[in-house]
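Just remember that my numbering sits 575 ahead of the position in the sequence shown, which is counted from 1. C-beta atoms are modelled at their ideal positions from N, C-alpha and C, and glycine is treated no differently. No experiment lies behind these values; they were computed from the predicted model shown. I have placed the structure first, in the form of structure tokens, so that the comments after it can refer back to it.
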Amino acid sequence: MTRRELLRWLGAATLAPLAGCTPPPRVERGDAPLPEDAERFGGAPGRYGGRCVLSLIQEPKGLHPLTVEDAYTSQVVGLLQSGLTRYDPIADEPVPALAKGWEVSDDHLSYTFHLRRGLRWSDGAPLTADDVLFTFDALFDARYPNRYAQQYTIAGERLRYEKIDEHTLRIGTAQVYAPLVNDIGFVSILPRHRLQPAFAAGTLLEQWTTQTALREPQAIVGSGPYRLLSYRPGERLVLTPNPHYWRGDRQGQRLPYIDFLIIRIVASQNTETVLFATGQSDAAEIGVGDVAWVGKAAATYDFTLHDRGPAAGIGFIWFNQNPGRDARGRPFVAPHKLAWFRERRFRQALLHALDRPGLVQAVYFGRGQPLHSVISPANGKWYNPDLPRYDYDPERARALLAAAGFRWRDDGLLMDAAGNPVEFELLGYEGSQRLTAILTTFQENLRALGIRLRLSYVDFGSLVERTSRTFDYEASVMGLTGGGDPSGGKAIYRSDGRLHVWYPNQPRPATEWEARIDALMDAQERTLNEAERIRLIHEMQRVFAEELPLLFLVTPNAYVGVRNRWRNVRVPPSGPVTWNIDEWWTAQEKG
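Following this line, the structure appears as structure tokens:
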């Protein structure tokens, strides 16, 4: 079968129900030996073959690890690339990946990482310590702004790194940094032999775009379980096994087992759910409103729905508190509105005004709970359950507004002390019926309080642009993924963080409470005592809950469906169910 015939077959296969379809052809896996230090999967060995169909509700924005900004792109890049370590959501700890192990100096300021011997990129070129150094050179280069440079800047100093030999490197920190082993796995290692010319030319971030994926997919070289075979914008990505992947099973078979991993691009979560519930995909997250009807199809299409308890992500509304000005010298936010948004009692009042218990029932069908923290209750030991709570209480909301100097006109409209009517615009993103229901409820709740709220919807890319770059908005809404060590969220928590959404990248803390959060984050990074780290993270959450820069919404229960034909599925408490998809296999040749 030629490449063209194969792609035609794959295209037809993704458009038809899986049951009864023609068995897929086998892929050529090559005869490259496993690395000398290959990681051996300890579970039940599987067999090669099969096709797994997943779906994605937003197209990847590109496939360059340093340009990843959203969870959907991250999922695809994570299938193609690897880091020095990786997070195991079952064990809830970092585990070896490209690095087989590490040692820590007595003063905990130096980490020596040992790469697996025999590592190779998907094109067969050796993967060595030079690639790791190249990666850190790139992410710390001012020409290439990215999300990792700040993460790896400790006590105002970037990580120090040096090559010891081809398989060994040393990483140093300016002060003790407890989550270093966890955090070092955030960045995928880049292939120096492929990207060095672009790095030198200043065009590194222009590589591996969606156009590359469309026209020259083989140019995207990685160290993850898969490599890209083809990409059709708006339709699908097709991935095949990386013939040089660094994991195998105890029988010496190289992972992954699946021959073809097909990722369909769909218009919405509703479409994703319908595809799964009708046997046209193999795994999907299922929204709480769809659990009942999807469950009725479980016997017909032979799948299981797993209830994972509270979701790990957080959803929130926030106000633009950026005091800066645009290129024309105009303030991002009108001064009188900025004064409202920076008033703690105003923010607290509006959360009291939001009927979150009603949202749990009406939008989430009772399968959820109001969120009270910047960390989800799914995050186990890191979550603080003893925080101030803002129950639905319109009278309490009115009392807080009155205490802050607001007054009501005879017609019921809320006015500030200067006589300005309280009205603002909230920017949402298109394509989510659930979000529309939440924001409509918020609008109605505020109307009862005398506040005029205008809702405006844009595509997600435009929302990100306006809230993080041009600051052309008054209020907005967003959801962020979570789980694992809270060190991964410091871009949200810290005043100088990129995701400190209400006023990002502050040159210095704008308020005493933000300075307090910075100090707590610094302190938890410096302690190696986990119980003390947990205490500090709990205190950080308390400051967030008292000051309320984010109006927390609802934590729904998380449900995921997986077809029963797949073996070695290990459903984690949070994160993608496909986190170990390199271990999945099926004895069924048909879909």
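- Message: Quick check on this structure: which residue in R883, F916, A886 and F891 has the alpha carbon closest to the alpha carbon of P898?
- Response: Within the sequence shown, the letter at position 323 stands for residue 898. With distances taken between Cα atoms, P898 lies closest to F916.
- Query: Quick one: what's V869 bridged to in DSSP?
  - Reply: By 1-based counting over the sequence shown, the position of residue 869 is 294. When DSSP reads this structure, V869 sits in no beta bridge, so it has no partner.
- Sequence-distant residues of its chain with Cβ nearer than 8 Å to T785 (five each side left out): Position 210 of the sequence shown holds residue 785. Residues E634, P635, K636, G637, L638, Y806 and P808 of the same chain have their beta carbon placed closer than 8 Å to that of T785, with the five preceding and five following residues left out of the count.
- Task: Would you please state the rounded distance, in angstroms, between the beta carbons of L976 and F921? I believe it to be under 8 Å.
- Result: Along the sequence shown, one-based indexing puts residue 976 at 401. Along the sequence shown, one-based indexing puts residue 921 at 346. Right, their Cβ atoms sit about 7 Å apart.
- Item | Through-space distance from N895 to D968, alpha-carbon basis | As a working mapping, residue 968 is identified with position 393 in the sequence shown. As a working mapping, residue 895 is identified with position 320 in the sequence shown. Going from the Cα of D968 to the Cα of N895 covers about 24 Å.
- Q1163 (DSSP reduced to helix, strand or coil): Reading the sequence shown from its first residue, position 588 is the one you call residue 1163. Note: Q1163 maps to coil in three-state DSSP.
- Take A1194 as the anchor and find which of P1147, R1142 and P1151 has the nearest alpha-carbon. Lying outside 576 to 1166, the shown extent of the chain, residue 1194 is not represented and no answer is given.
- Taking the C-alpha atoms as reference points, what is the distance between M1115 and F1127? The count along the sequence shown starts at 1 and reaches residue 1115 at position 540. The count along the sequence shown starts at 1 and reaches residue 1127 at position 552. When rounded, the distance between both Cα atoms is 15 Å.
- Message: Taking its Cβ as the centre, do 16 or more other Cβ atoms sit within 10 Å of C596, making it buried, or is it exposed?
- Response: In the sequence shown, residue 596 corresponds to position 21, counting from 1. Residue confidence is low: C596 scores 48 on pLDDT, short of 50, so the model does not pin down where it sits. No coordinate-derived value is stated.
- Contact between the stretch 722 to 737 and the stretch 748 to 762 (3+ Cβ pairs under 8 Å): yes
- Assigned exposure category for R982 - 16 Cβ within 10 Å defines buried: The residue labelled residue 982 in the question sits at position 407 within the sequence shown. Classification of R982: exposed, given that the 10 Å Cβ count is below 16.
- Any idea what DSSP makes of P816, helix, strand or coil? Here residue 816 is taken as the residue at index 241 of the sequence shown, counted from 1. The answer is strand: DSSP assigns P816 an E or B state.
- For L1014, which of Q650, V1129 and P800 has the nearest alpha-carbon? If you number the sequence shown from 1, residue 1014 lands on position 439. Nearest of Q650, V1129 and P800 to L1014, Cα basis: V1129.
- Message: Rounded to the nearest angstrom, what separates L780 and T642 at their Cα positions?
- Response: Locating residue 780 in the sequence shown gives position 205, counting from the first residue. Locating residue 642 in the sequence shown gives position 67, counting from the first residue. Computed Cα separation, rounded: 7 Å.
- Query: Going by alpha carbons, who is nearest to A928 out of S948, R692, E970 and Y1068?
  - Reply: Against the sequence shown, residue 928 aligns to sequence position 353. Of S948, R692, E970 and Y1068, the residue nearest in Cα terms is E970.
- What separation, rounded to the nearest whole angstrom, lies between the Cα atoms of L850 and M990? Here residue 850 refers to the residue found at position 275 of the sequence shown. Here residue 990 refers to the residue found at position 415 of the sequence shown. About 49 Å.
- Query: So, using beta-carbon positions, are W1160 and V1118 closer together than 8 Å?
  - Reply: Walking along the sequence shown from the start, residue 1160 turns up at place 585. Walking along the sequence shown from the start, residue 1118 turns up at place 543. Contact flag unset, no.
- Task: State the DSSP-derived secondary structure class of Y623, mapped to helix, strand or coil.
- Result: Walking along the sequence shown from the start, residue 623 turns up at place 48. DSSP places Y623 in coil when its eight states are reduced to three.
- Item | Cut-off 7 Å between Cβ atoms - residues of its own chain near R1145, not counting five sequence neighbours on either side | One-based indexing of the sequence shown puts residue 1145 at position 570. Short of 7 Å from the beta carbon of R1145, and not among the five residues preceding or following it, lie these beta carbons of its own chain, in chain order: I665 and N1155.
- In the DSSP assignment, find the alpha helix (DSSP H) that holds Y647 and state where it starts and stops. By 1-based counting over the sequence shown, the position of residue 647 is 72. Per DSSP, Y647 belongs to the alpha helix (DSSP H) from A646 to L655.
- Query: By the 10 Å Cβ neighbour count, where 16 or more other Cβ atoms means buried, how is A1171 classified, buried or exposed?
  - Reply: Because residue 1171 is not part of the residues shown, which for the chain are 576 to 1166, the question remains open.
- Message: On a Cα-Cα basis, can you pick out the residue from W696, Q650, G617 and A613 that is closest to K675?
- Response: For this step, residue 675 is matched to residue 100 along the sequence shown. For K675, the closest alpha carbon among the candidates W696, Q650, G617 and A613 is that of A613.
- Query: How big is the Cα-Cα spacing for P1061 and E1122?
  - Reply: In the sequence shown, the residue the question calls residue 1061 occupies position 486. In the sequence shown, the residue the question calls residue 1122 occupies position 547. Near 19 Å, if we compare the C-alpha coordinates of E1122 and P1061.
- Query: Nearest-angstrom Cα distance between V652 and I729?
  - Reply: Taking the first residue of the sequence shown as 1, we reach residue 652 at position 77. Taking the first residue of the sequence shown as 1, we reach residue 729 at position 154. One C-alpha to the other measures close to 26 Å.
- Return the first residue and the last residue of the beta strand (DSSP E) that S1037 is part of. Along the sequence shown, one-based indexing puts residue 1037 at 462. Not the beta strand (DSSP E): S1037 falls in the alpha helix (DSSP H), residues F1035 to E1040.
- Can you give me the start and stop residues for the alpha helix (DSSP H) that H523 sits inside? Given that the chain is displayed from residue 576 to residue 1166, the structure contains no residue 523 and the question cannot be resolved.
- Task: Could you name the residues of the same chain whose beta carbon sits closer than 7 Å to that of A672, not counting the 5 residues immediately before and after it, in chain order?
- Result: Counted from its first residue, the sequence shown places residue 672 at position 97. Within the same chain, A672 has close Cβ partners S657, G658, L659, T660, R661 and G760.
- Message: For P1148 and D877, what's the separation of their Cα atoms in angstroms?
- Response: Walking along the sequence shown from the start, residue 1148 turns up at place 573. Walking along the sequence shown from the start, residue 877 turns up at place 302. The straight-line gap from Cα to Cα measures roughly 22 Å.
- Item | Spatially closest choice to A887 from T1056, D1097 and L1103, by CA coordinates | To locate residue 887, count along the sequence shown from 1; it is residue 312. Nearest of T1056, D1097 and L1103 to A887, Cα basis: T1056.
- Tell me A858's beta-bridge partners as DSSP assigns them. The residue you call residue 858 lines up with position 283 of the sequence shown. Answer by DSSP bridge pairing, in chain order: V1137.
- What is the DSSP secondary structure of C596, reduced to helix, strand or coil? Indexing the sequence shown from 1 puts residue 596 at position 21. In this predicted model, C596 has a pLDDT of only 48, less than 50, meaning its place in the structure is not dependable enough to derive any value.
- Query: Which word fits R767, buried or exposed, when buried means at least 16 other C-beta atoms lie within 10 angstroms of its C-beta?
  - Reply: Here the question's residue 767 lines up with position 192 in the sequence shown. Buried: at least 16 other Cβ atoms inside 10 Å.
- Item | Within 8 Å, strictly: CB atoms of E1005 and D1034 | Locating residue 1005 in the sequence shown gives position 430, counting from the first residue. Locating residue 1034 in the sequence shown gives position 459, counting from the first residue. It is a contact, given that the beta carbons lie within the stated cut-off.
- W1088 (DSSP reduced to helix, strand or coil): As a working mapping, residue 1088 is identified with position 513 in the sequence shown. If DSSP states are grouped into helix, strand and coil, W1088 belongs with the helices.
- Sheet register partners of S805 (DSSP bridge): By one-based count along the sequence shown, residue 805 stands at place 230. Per DSSP, the beta-bridge partners of S805 are V813.
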